[in-house]
Amino acid sequence: MIAVAALLATGLCGCSSPGSSPQTAVETFLRALGAKDTATACSVVAYAGQPLAGDDVTLCRSGFDAVVAEGTPTDLDALRSATVGAVSVSGDRATVRAEDLSGVPTAYRQPLALVRVGGQWYVDVPQ
0 MIAVAALLAT GLCGCSSPGS SPQTAVETFL RALGAKDTAT ACSVVAYAGQ PLAGDDVTLC
60 RSGFDAVVAE GTPTDLDALR SATVGAVSVS GDRATVRAED LSGVPTAYRQ PLALVRVGGQ
120 WYVDVPQ
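Here it is in structure tokens:
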């Protein structure tokens with residue numbers, strides 16, 4: 000449950016745009032989860048290749064609110080400093096292997112798919 004919900008969040012990276020690169024989108028997502036900032040996490044999430052909008056954002060936030068409420072302080076603290084190593088990019092799609100996520104607790108560590116829409120990268124949750 001936690002791993003599935005972790006696919007929907009973002010965090011702060013100090014970059015000009017949260018989705019300017021696949022690495023930035025994933026780091027934003029994970030760090031936002033660690034900070035319990037579900038609005039930011041959901042801002043870099045896409046569902047089936049389309050950025051979330053309307054009621055989907057509300058559902059995303061509700062789901063991640065539940066996830067971070069169950070997160071341990073140690074796990075949430077670790078997520079706030081998560082980093083991404085290698086990313087495989089092919090056109091407007093990218094993937095991050097679980098082993099290329101540093102500082103991510105086991106419950107949140109899984110491969111992630113990304114999609115670029117309008118020049119911005121999003122963590123893409125499949126249908």
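Residue numbers are given in numbering that gives the first Met the number 0: position 32 of the sequence shown equals residue 31, and the series is strictly consecutive.
In this text, a Cβ means the ideal position worked out from N, Cα and C, and glycines have one as well.
Could you check where the beta strand (DSSP E) with Thr94 kicks off and where it finishes? In this chain, the beta strand (DSSP E) harbouring Thr94 covers 92–95.
Looking at the unbroken beta strand (DSSP E) that takes in Phe89, where does it start and where does it end? It is Ser, not Phe, that sits at residue 89 in the sequence shown. Taken as a continuous stretch (DSSP letters only), the beta strand (DSSP E) holding Ser89 covers 87–89.
Please determine, among Ala31, Thr105, Thr82, the residue with the shortest C-alpha to C-alpha distance to Asp64. Checking every option, the nearest Cα to that of Asp64 belongs to Ala31.
Tell me the DSSP bridge mates of Thr82? Beta-bridge pairing links Thr82 to Ser101.
Looking at Thr37 and Thr27, is the spacing between their C-beta atoms short of 8 Å? Cβ atoms of Thr27 and Thr37: not closer than 8 Å.
Tell me the DSSP secondary structure of Pro110 in three-state form. Residue state, collapsed to three classes: coil.
Residues that DSSP places opposite Val122 in a beta bridge: DSSP lists Val44, Leu113 as partners of Val122.
What three-state label does DSSP hand Pro50 in the structure shown? When secondary structure is reduced to three states using DSSP, Pro50 falls in the strand class.
So the candidates are Asp123, Cys41, Pro17; which of them puts its Cα closest to the Cα of Asp54? Nearest option by C-alpha distance: Cys41.
Among Gly102, Trp120, Thr73, nearest to Val88 - alpha-carbon criterion: Of Gly102, Trp120, Thr73, the residue nearest in Cα terms is Trp120.
C-beta atoms of Pro50 and Val116 nearer than 8 Å: Cβ atoms of Pro50 and Val116: closer than 8 Å.
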